[in-house]
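Chains as they are written, first to last, in my numbering: chain R, 725 to 1217; chain B, 725 to 1217.
This report concerns only the one structure given below.
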């Protein structure tokens, strides 16, 4: 085995062995992970408690190399005990399904293993990023905008905060926050938690994210926003940014973008929209009206790995202003961004990024887009919205299901009320009892492997389930199955 | 084609088409990208200027879907015009080669498409991360340490800065930098530029990274460091952190960790080591002495995607202190990190991360480790060090090559001095002329596709080349080829 430890270039016998191994792996993956793993008759997960799973697997690295047989066994175990996030019954997070073109795109990217910073090293992917970012800027409504890929929506939001701060106080880049007044930003109480994490990371402080009330549909109250802006100004601190959300994580609410834009204009605030979840609606002529006002934003975060089902990860930050990303981030490292190259170095985009080496997250998305066309994304999104509508209608017809609120988007939030609790809504401990139902049902479904759906509390509401179907292969029959299965799991509680 | 746009679960004919397509893709990748793309007889790159390449490719997304034939053509084009970073003649960056086990690991990860935050969604990968981080902590010398994966070394360095700041001024997380004195950190003038980028992002300010002189071998001068710490204290600002580098980007220098640790102890500073590049030496019993003192660090960044040739990206931050990562980052989002789950939620590591959704970068590295064993990594690293030694010896025997300094690591930095400039070292415009040689040779090699090696200036030194061979499949014959080829390219300049 000794000679197999090195990389593969040096001898033909090794090359043949490696080729055979990679062929075996790709066959195994297609058969077990991609096809068997997503068939309805097979479980979504074979759940074991952490200690038990640890014992079942053989995870500790060893001194000596493993054989190809052992390695294939390790892959089989990994597939066997992993959650099948591509399974139609996995509706647990804001991502799901395995798109064949997205997967092919990942495999291409891996085989070429680029790192993104210069045209020199990644010519095709560099051009592809430029084209995709420009197209998405057009779609968002930033005709002379700029954009960048980010390692997930959290860092994308953090980057937007940094740009906003830079616009009003560019000296912070060089001198630090010591040169600036106390800065305050605004986000709704249902905004993603990354806004707080990033405010802490950027040295602004979590408590300088002023929480704005939502209305009963989960949307930011723009009148309350304005009153908070005025309150902060009166304290002597300086408001600089509002983070609106287009598709909140739990309720799927769309903040009123035009009204928030008006407040931002009036008080000269950076208007950021976290459309990580809802951005995909732009592809749908039927539904893009939910994003009216997006073109008034200064910056937008959009994750195609959510609604559009691109593989993990694909996250973009789009900015109205053409030059600010580079101005804010550039550091002019001479070892990487040499000015005396033989081609036009304005295409070496790396210096505008916070990352140095970076995966090419563009290809899978570009490839899906090519495979489906814009019209394919539109059909996908429309199918999801139709599915959410069917879920809502079906829920209403079942006595054990109660909507938390009228869904505006793909998130359909509901309580399952088992027969033992029905009619007891007025009892003082009803909410306390209801709060325990979803966790119990979640355990049952996971141990059975029959489906995965998430639950959560929200503000003072007891735990409720959240349907989020982003897999346009999910049928009405699947929805019936979900509801029947929840009835089976919860009936006797 | 209409029915092919959706995801694939809903009908068998589509499933068969998708299966066939993915099989075609994996065959094409193995043949063209992985094997043909890394054969010595084939070019490293088929270079075209950006405008021309743009015309050759068909990148603009369309309304309508493409056929499978068109998609396979797009993959062929992408392979054809991409730089073959796995080719043995690609020695342009701090990553190279295609490891078959690393590639298999990526493909497995993609097929399962996990996102990392909870055990519920990624049980196998969660346990794997815990095992790998614990093993690496042991290797670094943090017996009760903690660790996390990061999207690249830059964000890993930034995260370390945030931890350091949190240790001394935990209130900054909540209240922002307004509650803290002026904070200053220290890094050598050859430290990676991400230190400055991240200081800006974190609101500390680039100019509050105090630049420490290096000695003539590129190592931080620890006496100068101490004098700078004293100088900053005298100004009334507060030093809080030193960033040492184990393997600098250009020269491959190792800062004197024990001496720097002494300064950090004396002045109560967080001791961070950026070992993104050099960390892999820990696997080598012959060479790990270069990292003596690493176990005295508070935090260490290590990128297996560099020296150990894991695919893009695999980057870890290791921390001596067991609880600080979570304390610094936790946000307790109740929609994701529910406390009333049915399993022990202490294994839901997501809240200690700055990212929310996150790729499983662990599997490829775990899988390589299993495939090769620790001894395989050791042989790989030793082979690279031997190769660097052979390069150095060979360079010395050729009149047109001049070492910039005696190499300490894999970086072998040298000038190519064409015959027209030999013997003219004393002329006043020699450096100016020499400065133009490397860019010219780089253009020639790229247009020819015969090899890729990077050049850069450093401080006042004119442009020089940097050999960095991280592909243990590179042979002595390959090194001879590199030197002969440079002679061919540069002889007539």
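All C-beta atoms, glycine included, are put in the ideal place defined by N, C-alpha and C.
No experiment lies behind these values; they were computed from the predicted model shown.
Residues bridged to residue i [DSSP beta-bridge criterion]
i, result
"residue 1140 of chain R", "R:1125"
"residue 934 of chain B", "B:910"
"residue 761 of chain R", "Paired residue(s): none; residue 761 of chain R is not in a bridge."
"residue 1179 of chain B", "B:1189"
"residue 1039 of chain B", "B:874"
"residue 944 of chain B", "B:938"
"residue 978 of chain B", "B:970"
Where residue i sits in the DSSP three-state scheme
i, result
"residue 861 of chain R", "helix"
"residue 829 of chain B", "helix"
"residue 1029 of chain B", "coil"
"residue 731 of chain R", "With a pLDDT of 46 at residue 731 of chain R, under the threshold of 50, the modelled position of that residue is not reliable, and no figure is offered here."
"residue 1001 of chain B", "coil"
"residue 962 of chain B", "strand"
"residue 1070 of chain B", "helix"
"residue 815 of chain R", "strand"
"residue 918 of chain R", "helix"
"residue 769 of chain R", "coil"
"residue 879 of chain R", "helix"
"residue 995 of chain R", "strand"
"residue 822 of chain R", "coil"
"residue 1023 of chain R", "strand"
"residue 954 of chain B", "helix"
"residue 751 of chain R", "helix"
Residue i, buried or exposed, once every other Cβ within 10 Å from all chains shown has been counted against 16
i, result
"residue 733 of chain R", "Note that residue 733 of chain R scores a pLDDT of 38, beneath 50, so its modelled location is shaky and nothing firm can be said."
"residue 897 of chain B", "buried"
"residue 1008 of chain R", "buried"
"residue 903 of chain B", "exposed"
"residue 984 of chain B", "buried"
"residue 993 of chain R", "buried"
"residue 740 of chain B", "exposed"
"residue 1216 of chain R", "exposed"
"residue 1102 of chain R", "buried"
"residue 955 of chain R", "exposed"
Alpha-carbon to alpha-carbon, residue j and residue i
i, j, result
"residue 735 of chain B", "residue 842 of chain B", "Unreliable placement is indicated for residue 735 of chain B, whose pLDDT of 41 sits below 50; no coordinate value is reported for it."
"residue 755 of chain R", "residue 846 of chain B", "20 angstroms"
"residue 826 of chain B", "residue 1137 of chain R", "41 angstroms"
"residue 1199 of chain B", "residue 1205 of chain B", "10 angstroms"
"residue 923 of chain B", "residue 894 of chain B", "17 angstroms"
"residue 888 of chain R", "residue 880 of chain B", "23 angstroms"
"residue 1192 of chain B", "residue 851 of chain R", "27 angstroms"
"residue 1087 of chain R", "residue 905 of chain B", "45 angstroms"
"residue 1177 of chain R", "residue 1147 of chain R", "25 angstroms"
"residue 1116 of chain R", "residue 1135 of chain R", "10 angstroms"
"residue 1011 of chain R", "residue 770 of chain B", "44 angstroms"
"residue 1132 of chain B", "residue 805 of chain B", "35 angstroms"
"residue 1159 of chain R", "residue 1185 of chain R", "8 angstroms"
"residue 1057 of chain B", "residue 765 of chain R", "34 angstroms"
"residue 1069 of chain R", "residue 784 of chain B", "22 angstroms"
"residue 952 of chain R", "residue 912 of chain R", "11 angstroms"
"residue 997 of chain B", "residue 979 of chain B", "9 angstroms"
"residue 1157 of chain R", "residue 1150 of chain R", "12 angstroms"
Continuous beta strand (DSSP E) stretch holding residue i: start and end
i, result
"residue 870 of chain B", "870–874"
"residue 845 of chain B", "Where residue 845 of chain B is concerned, there is no enclosing beta strand (DSSP E), given that its DSSP letter is neither H nor E."
"residue 982 of chain R", "Not the beta strand (DSSP E): residue 982 of chain R falls in the alpha helix (DSSP H), residues 981–991."
First and last residue of the uninterrupted alpha helix (DSSP H) at residue i
i, result
"residue 1154 of chain R", "1154–1159"
"residue 1201 of chain B", "1200–1214"
"residue 1120 of chain B", "1086–1120"
"residue 898 of chain B", "896–899"
"residue 776 of chain R", "774–780"
"residue 805 of chain B", "792–805"
"residue 808 of chain R", "Where residue 808 of chain R is concerned, there is no enclosing alpha helix (DSSP H), given that its DSSP letter is neither H nor E."
"residue 1134 of chain R", "Counting along the chain, residue 1134 of chain R falls outside any alpha helix (DSSP H), and DSSP gives it neither H nor E."
"residue 1012 of chain B", "Taken as a continuous stretch (DSSP letters only), residue 1012 of chain B belongs to no alpha helix (DSSP H), as it is neither H nor E."
"residue 1051 of chain B", "1048–1053"
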